[in-house]
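Enquirer:
Chains as they are written, first to last, in the working numbering: chain A, 308 to 648; chain B, 308 to 648; chain C, 308 to 648; chain D, 308 to 648.
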């Protein structure tokens, strides 16, 4: 199959679904969308019209059952992932699934069992693994440029909180936001977290606290080989999207700064200044979305392996559950505790 | 016409022509290529096939005479620009012309006279004006962030010299390479150069000297209002594509650094280091090519004005001729001298 | 007394004692050392000879009892601080005492009670409070430049571990090294830590582990007002002395980088690089030692207040004890627990 | 003589004289001032009192003739240098002379002839050669880190113009200010300038123009081996003392940034900013003054060689004269022209 075009179907034509669709239709020569589904049929039709996708539907089963479809992109709400995965796996389609697979470990395990049985390629959408900055830090670790990792420090802050309506159904900051950082922590250090301690509060907006969530969190991660990591999250960095990391090791450190819209430095009578970092995650991470889709298309055409398997995608969910428990109990929690419960 | 798609024809499907074609076909919703011409018909056909352009031809007249074509992109060799401009203007087509318009002032004047008579939109392809870094410096000047410009310093170095075969027919470093910097100097300072002094030698490769050219040049520019600028050119910066500028004024300075593939800083036992800047002009300036085409499409749909007129495109050619003369005579040369000769 | 020279006596002429002595004798016009004591009389004599100090002795009581001495600098080993403080306070001398005051809270309390009773000026030697970088961050917090602090991240790494002989009697990394960072955390955030969680291991050198200590530590600090801080310590950063901090708040962030011996950036065929940061704490913090002594001299001449009181100097010791306990018990520990025990 | 203290006499106790005196009395163990002269005897006496210099006088001859004096520091006004040099050389004293030696080449030649005849050590006070940043760039060139130098770019801007009274007697910007940069250009490239082209105007303050001088200058330097350099001068950079340089060569580039009072970066809702660079030359270059004096003391104790000879100190004066001529005639001027005239 490597010598022909990969045909895909999209389930969920919201913001992230449309980004993937645009990349597939405009930038990836070896792939083409043949159908798009969205619970709101008008949304599916609009997406199809804009991007020359032949078919549009409100029923995701028309995608998973479509005879021409080789692979399914799942970009629908998290609580629908499981049923679409089961249907796609049953139909022998390769699967790209947005993160998180699910918020419940039992449901994730059902999904992954189905994927294993169907022997299809399954890739989880942790796009930051495909970002040039994070990849460079990972390469520094893999190539031994900084020796054995001893300490990790990860900053992940959004420019502004999402609407309260979103917060109320998001599953909380650890599931919704920190989950990216949990994945990144494992990826960068190259080891598993065995225990974590999560702290946090609603410091940005008390209404977020009233909604049962927090907006500022600091989580300490203890890795199996002795490294310790720290994640700093905030729902609001007034200066823009703040995504930095540093890995410190026996042979040195690798750190990344934010991305800026330009390199200009202005020196005036009162200060030396530059413009704010990029403010919107889509702008900041655009090229990572393209690269993850390119790698999915390649993996699906080859029949695997996945660059980011379902098993890898499950672990950050365990970490998010542990973080929530740690925050509630105000004590360190092991990942083994979560698995046992 | 603003409410319908602009239809374009491309003349010249080489490297830069294909970049514009891709932008038009994939990224700019308000425009579409209907025909592509290249002296090598196979090149035209290949381009048409890759980018879904309906027609391909070896004869540029089929483009300029095409009844559906609203605007012509001229990306063929410099010595063919004049005849294509004359044909396109005669047919009432808007024109985007790669730089330089021509290397001969008399021929440029004929082209611009035809354009004026035809009252079409004419835009010259000095893409750096559309780069985020240079635009930010220009904005600093226009908005008064740095006061009145007093000094300009422009660094423009390529990662490696072009082949000698290219050098021999390029018209020399001032026409081929510095011409971008001449345009940028005027753009950033917002004033006209009245006199310049050009120095240079073949320090990178003596064969470039044997071919009658130089590979390293430093040019001092005297502006009408008293500002003085300096351009430093080299055909080879071993660390990559080096494109920096600083404007110093009565109220401060604005400077830009190079663009890098990532923001990673590595600290090791011997040094603190980062990866090299972007190495290839197409990668470095890709988004500027998209923006210049977007603005051309807008201008053509509106019927003008051009963001970068033919008159503006002529001046850097005058400066290149003056620089060559200054270098040969080893004395400052005024632009008025060139106009009179 | 503000209009005459402050006369001081030095107890302890080791490395840090000599630094203070040099500053007093060469740079601070309003102060002069009249006597120096060291348990090794030859060391005291050598110091006196080099810096024109009139008297030298092996007996610190000759300093505390000296009729001309207005203030005593205590730079002798930590376990001798208490008796010198008691003697100096009894004699009505102002006191500058190197950190930590003592490693035992009961002994610290005896010292501070004596100081209060004697109503002398007492200043603790946390020199980093007088460093230009840290002061700038503190000023950002105080002046409201970054709003209310929400998160603190403090990196403090030495270029190389001290000798094992030193480690064995140092009281452990939290007392010996992190104590500076505990003070700095409180200083920068402007709030008190109520609970902390300390992790760590001997990752740099297993012999440090065999000596009962660790060489790599990450400590999470929970402040009374809700901010959370993190300290990362290592006994060995191969790239030099690593001293950075970032405070993130509701209105922005303030961060500091390391100090470098020069500003040179070298771009070559393989990388862009710069020289390593300053490698030695004495070089890195030299000007902070001068400023703390200048402020002590001023405070002593005025009769107070101290810029860094004994009560402030006591808290980091409480934190160090809590950190040790947290590390041993592998759970968060409140500072109240330590006070009660 | 290397094993005993070097005894020095100071002529001229103005700002720079007092800096050298303080370094000698407080920081350089192998040297001591025994006498200070200043045309204003009160100034000499005040300096002597502050720094424990045994003798003070209004008559420089008491310094040059002093039987204990091994070396003379000449920090008096430029037009007095020659007579002090002649007297000191005649008395066999080593000489440190502030820059420039004189503004007249004939007088410089008389001074240097006397020095050669007396076989004393003679060092010129171009302090920037002893600055850590500039030295690092020089080392990059010498060690081959950037290959053969092709281009030099030197920025040298003051925070504010000196008083008009100073400008009127300074000899003009090229002699007063650019002379440092002329020396630095030769030092960094390691080659001689053969021709230069100087431009400039009074853009900062028209009164400077009325006084016959300019406040903004750009000078292009052509070196013997083919490298070309550019100097940008301004009497007023509103953001502080601006001292940067870049040498570009066949193997890369070395550049230096300004020095800042701290490393803090503040990110707020509108911009990312830092404090201004150091504003005062004495603060910016303080350590270079110490190092040049340390090296003079060493050279004088050894009996030579000088780290910065009189012959080296003469060349920047030739360049300043050539620059003035070039600016007046608006054409390039060779240094040979100046020597012949």
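We put the CB at the ideal spot given by N, CA and C, even for glycine.
Given the structure is predicted, the values throughout are model-derived calculations rather than measurements.
For the alpha helix (DSSP H) containing residue 607 (chain B), name the first residue and the last one.
Expert: Here the question's residue 607 (chain B) lines up with position 300 in the second chain. Its alpha helix (DSSP H) spans residues 593-609.
Enquirer: By the criterion of Cβ-Cβ separation under 7 Å, what are the contact partners of residue 321 (chain C) in chain A?
Expert: Locating residue 321 (chain C) in the third chain gives position 14, counting from the first residue. Here the premise fails: no neighbours, minimum Cβ distance about 31 Å.
Enquirer: May I ask you to report which of helix, strand or coil DSSP gives residue 504 (chain B)?
Expert: Translated into the one-based positions of the second chain, residue 504 (chain B) becomes position 197. Here residue 504 (chain B) sits in strand by DSSP.
Enquirer: Output yes or no for whether 8 Å exceeds the beta carbon distance between residue 569 (chain B) and residue 453 (chain A).
Expert: Position 262 of the second chain, counted from the start, is the residue given in the question as residue 569 (chain B). Position 146 of the first chain, counted from the start, is the residue given in the question as residue 453 (chain A). No, they are not a contact pair.
Enquirer: Can at least three beta-carbon pairs, one atom from the region 463-472 of chain A and one from the region 534-542 of chain A, be found at a separation below 8 Å?
Expert: Short answer: they touch.
Enquirer: Identify which residue in B:506, B:498, B:518 has its Cα closest to the Cα of residue 476 (chain B).
Expert: Taking the second chain and counting its residues from 1, the one referred to as residue 476 (chain B) is at position 169. The candidate whose alpha carbon is nearest that of residue 476 (chain B) is B:518.
Enquirer: Kindly give me the distance between the Cβ atoms of residue 481 (chain B) and residue 630 (chain B), rounded to whole angstroms, as I take these residues to be in contact under 8 Å.
Expert: Your numbering for residue 481 (chain B) matches position 174 in the second chain. Your numbering for residue 630 (chain B) matches position 323 in the second chain. Contact flag correct, Cβ pair sits at about 4 Å.
Enquirer: Touch check for the region 411-422 of chain B and the region 382-395 of chain B: three-plus C-beta pairs under 8 Å?
Expert: The region 411-422 of chain B, when compared against the region 382-395 of chain B, does touch it at the 8 Å Cβ threshold.
Enquirer: Anyone know if the C-beta pair for residue 603 (chain D) and residue 332 (chain D) falls short of 8 Å?
Expert: Position 296 of the fourth chain, counting from 1, holds the residue named residue 603 (chain D). Position 25 of the fourth chain, counting from 1, holds the residue named residue 332 (chain D). In this structure, residue 332 (chain D) does not lie closer than 8 Å to residue 603 (chain D) by Cβ.
Enquirer: Measuring alpha carbon to alpha carbon, tell me which residue in A:489, A:457, A:484 is nearest residue 512 (chain C).
Expert: Sequence index remark: in the third chain, residue 512 (chain C) carries index 205 (1-based). For residue 512 (chain C), the nearest C-alpha among the options comes from A:457.
Enquirer: By the criterion of Cβ-Cβ separation under 8 Å, what are the contact partners of residue 571 (chain A) in chain F?
Expert: Absence of chain F from the displayed structure is noted, the protein chains being A, B, C and D.
Enquirer: Should the region 565-579 of chain B be called in touch with the region 435-454 of chain A, which here means at least 3 C-beta pairs below 8 Å?
Expert: Segments in contact, yes.
Enquirer: By alpha-carbon positions, which one of C:398, C:614, C:351, C:440 ends up nearest to residue 366 (chain C)?
Expert: The residue you call residue 366 (chain C) lines up with position 59 of the third chain. Measuring from the Cα of residue 366 (chain C), the nearest candidate turns out to be C:351.
Enquirer: How many Å lie between residue 553 (chain C) and residue 444 (chain C) at the Cα?
Expert: Position 246 of the third chain, counting from 1, holds the residue named residue 553 (chain C). Position 137 of the third chain, counting from 1, holds the residue named residue 444 (chain C). For residue 553 (chain C) and residue 444 (chain C), the distance between alpha carbons rounds to 8 Å.
Enquirer: Using a Cβ-Cβ distance cut-off of 8 Å, determine whether residue 583 (chain A) contacts chain D.
Expert: Position 276 of the first chain, counted from the start, is the residue given in the question as residue 583 (chain A). Closer than 8 Å to some Cβ of chain D, the Cβ of residue 583 (chain A) qualifies, so yes.
Enquirer: Could you give the first and the last residue of the continuous beta strand (DSSP E) run that contains residue 463 (chain C)?
Expert: For the purposes of this step, residue 463 (chain C) is taken as the residue at position 156 of the third chain. It spans 456-464 - the beta strand (DSSP E) in which residue 463 (chain C) sits, taken as one unbroken run.
Enquirer: Output, in chain order, the set of chain B residues within a Cβ distance shorter than 9 Å of residue 452 (chain A).
Expert: The sequence position of residue 452 (chain A) within the first chain is 145, counting from 1. Going along chain B in sequence order, the residues near residue 452 (chain A) (Cβ under 9 Å) are 573, 575.
Enquirer: Please list, in chain order, the chain B residues whose beta carbon lies closer than 7 Å to that of residue 656 (chain C).
Expert: Nothing in the structure corresponds to residue 656 (chain C), since chain C is present only between 308 and 648.
Enquirer: For the region 318-386 of chain A, list the beta strand (DSSP E) runs that are entirely contained and at least 3 residues long, ordered along the chain.
Expert: Correct list: 338-344, 362-364, 378-381.
Enquirer: Taking residue 638 (chain B) as the query, report the chain D residues whose CB atoms sit under 8 Å from its CB, ordered along the chain.
Expert: Position 331 of the second chain, counted from the start, is the residue given in the question as residue 638 (chain B). Simply 638, 639.
Enquirer: Residue 485 (chain D) CB to nearest chain B CB: under 8 Å?
Expert: Here residue 485 (chain D) corresponds to residue number 178 of the fourth chain, with the count starting at 1. Chain B contact via Cβ: absent.
Enquirer: Decide if residue 464 (chain A) is buried, meaning its Cβ has at least 16 other Cβ atoms within 10 Å, or exposed.
Expert: The sequence position of residue 464 (chain A) within the first chain is 157, counting from 1. Buried.
Enquirer: For residue 333 (chain B), which residues in chain A fall below 7 Å Cβ to Cβ?
Expert: Numbered from 1 along the second chain, position 26 holds the residue referred to as residue 333 (chain B). 333, listed in chain order.
Enquirer: Are at least three pairs of beta-carbons, each pair with one atom in the region 317-335 of chain A and one in the region 367-379 of chain A, less than 8 Å apart?
Expert: Yes, they touch.
Enquirer: Answer with buried or exposed for residue 531 (chain C), where buried requires no fewer than 16 other C-beta atoms within 10 angstroms of its C-beta.
Expert: Sequence index remark: in the third chain, residue 531 (chain C) carries index 224 (1-based). When all chains shown are included, residue 531 (chain C) counts as exposed.
Enquirer: Suppose only complete runs of 3+ residues qualify. What are the beta strand (DSSP E) ranges in the region 556-598 of chain C, listed by chain order?
Expert: Counting whole runs of 3 or more residues, the region 556-598 of chain C contains the beta strand (DSSP E) stretches 559-563, 572-574, 579-581.
Enquirer: Is it the case that the Cβ atoms of residue 578 (chain B) and residue 581 (chain C) are separated by a distance below 8 Å?
Expert: Here the question's residue 578 (chain B) lines up with position 271 in the second chain. Here the question's residue 581 (chain C) lines up with position 274 in the third chain. It is a contact, given that the beta carbons lie within the stated cut-off.
Enquirer: Excluding the 5 residues preceding and the 5 following residue 559 (chain C) in the sequence, name in chain order all residues of the same chain whose CB lies nearer than 6 Å to its CB.
Expert: Position 252 of the third chain holds residue 559 (chain C). So the list reads 453, once near-sequence residues are dropped.
Enquirer: Name the chain C residues whose beta carbon is nearer than 8 Å to that of residue 558 (chain D)?
Expert: Mapped onto the fourth chain, residue 558 (chain D) falls at position 251. The contacting residues are 575, 576.
Enquirer: Report the three-state DSSP secondary structure of residue 554 (chain A) (helix, strand or coil).
Expert: For the purposes of this step, residue 554 (chain A) is identified with residue 247 of the first chain, where counting begins at 1. The answer is strand: DSSP assigns residue 554 (chain A) an E or B state.
Enquirer: Closest to residue 486 (chain B) by C-alpha separation, out of B:461, B:322, B:508, would be which residue?
Expert: In the second chain, counting from the first residue as 1, residue 486 (chain B) sits at position 179. Selected option, being the one with the closest Cα: B:461.
Enquirer: Against residue 503 (chain D), what residues of chain B qualify as contacts under a CB-to-CB distance less than 8 Å, listed in chain order?
Expert: As a position in the fourth chain, residue 503 (chain D) is number 196, starting the count at 1. Per Cβ cutoff of 8 Å: no residues; residue 503 (chain D) is ~11 Å from chain B at best.
Enquirer: Output yes if chain C places a C-beta closer than 8 Å to the C-beta of residue 311 (chain B); else output no.
Expert: As a position in the second chain, residue 311 (chain B) is number 4, starting the count at 1. Not one chain C Cβ lies under 8 Å of residue 311 (chain B).
Enquirer: Three or more C-beta pairs under 8 Å: does that hold for the region 492-511 of chain D against the region 586-597 of chain D?
Expert: No, the region 492-511 of chain D is not in contact with the region 586-597 of chain D.
Enquirer: Tell me the DSSP secondary structure of residue 433 (chain B) in three-state form.
Expert: To locate residue 433 (chain B), count along the second chain from 1; it is residue 126. Residue 433 (chain B) falls in the coil class under three-state DSSP.
Enquirer: Does any C-beta atom of chain B lie closer than 8 Å to the C-beta of residue 458 (chain D)?
Expert: As a working mapping, residue 458 (chain D) is identified with position 151 in the fourth chain. Judged by the 8 Å Cβ criterion, residue 458 (chain D) is in contact with chain B.
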